[in-house]
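Trainee:
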Amino acid sequence: MIIQDKEFGEVIVRKNSLMRGGVRFTVSTSGRLAMSVPTYTSEFLAKRFLNSNREAIRTKLPIRNPDEQRARDYQKKILIKKAKEYLPYRLEYYAKLYGYSYEKCRLTHAGTRWGSCSSNRTISLNIGLMKVPEVLRDYVILHELAHLNHMDHSKDFWAEVSLHDKNYKIHEKKLKMFSPGL
Ligand SMILES: [Zn+2]
355 MIIQDKEFGE
365 VIVRKNSLMR
375 GGVRFTVSTS
385 GRLAMSVPTY
395 TSEFLAKRFL
405 NSNREAIRTK
415 LPIRNPDEQR
425 ARDYQKKILI
435 KKAKEYLPYR
445 LEYYAKLYGY
455 SYEKCRLTHA
465 GTRWGSCSSN
475 RTISLNIGLM
485 KVPEVLRDYV
495 ILHELAHLNH
505 MDHSKDFWAE
515 VSLHDKNYKI
525 HEKKLKMFSP
535 GL
């Protein structure tokens, strides 16, 4: 359930069967206020919880105002669009260039991982890659492609990565200065 609030913008209401009375306020990754309430909570009751905690929320939680929330949504949409137009093709390009074959390319935007490669040869790439320098983006792609042959971070794996990216150690380190979150 989503509540529209004049001060906080969209408020995400999560019903939680483990909550026994009371309510818990947190901030979602989009900067929106989120509240966990017991499952029986009606919209009316949720609004009442919100009103009676307004002061505490205001002073304790880093809520983005509705304008900022909208701006962030917009940026995210653009990033997703860019990622769709770029990442699958870049992956395909390097796969062809170095003779890898994968099953599928999946774009993700949750979590803390830049990419992953599953045993069914699906390569997942984080949309957040569109925010990092191209050389680091390419490194992640080459890293995941190398996982098609080595599903671990063994010596052999790194040897394969270094075939296509001599500076992989530097790139791995630089990547840590960025976060995949949008
Ligand atoms: Zn890896």
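Quick note: the sequence shown uses the working numbering, first residue 355, plus one each step.
All C-beta atoms in this analysis are idealised placements derived from N, C-alpha and C, irrespective of residue type, glycine included.
#1: Can you tell me which residues form a DSSP beta bridge with T462?
#2: Which two residues bound the contiguous beta strand (DSSP E) that contains D359?
#3: Within 10 angstroms of the Cβ of P534, are there 16 or more other Cβ atoms? Answer buried if so, exposed if not.
#4: Quick one, are the C-beta atoms of E514 and L445 less than 9 Å apart?
#5: For K528, which three-state DSSP category applies?
#6: If we ignore side chains and look at the alpha-carbon of each, how far apart do K414 and I356 end up?
#7: Report the partner residues of E364 according to the DSSP bridge assignment.
#8: For I524, which of L490, R368, H518, K509 has the nearest alpha-carbon?
Mentor: A quick look at the data gives this:
#1: N480
#2: Annotation for D359: the continuous beta strand (DSSP E) segment containing it runs 356–359.
#3: buried
#4: no
#5: helix
#6: Across the structure, K414 and I356 are spaced so that their CA atoms are roughly 21 Å apart.
#7: Q358
#8: Ranking the options by Cα distance to I524, first place goes to L490.
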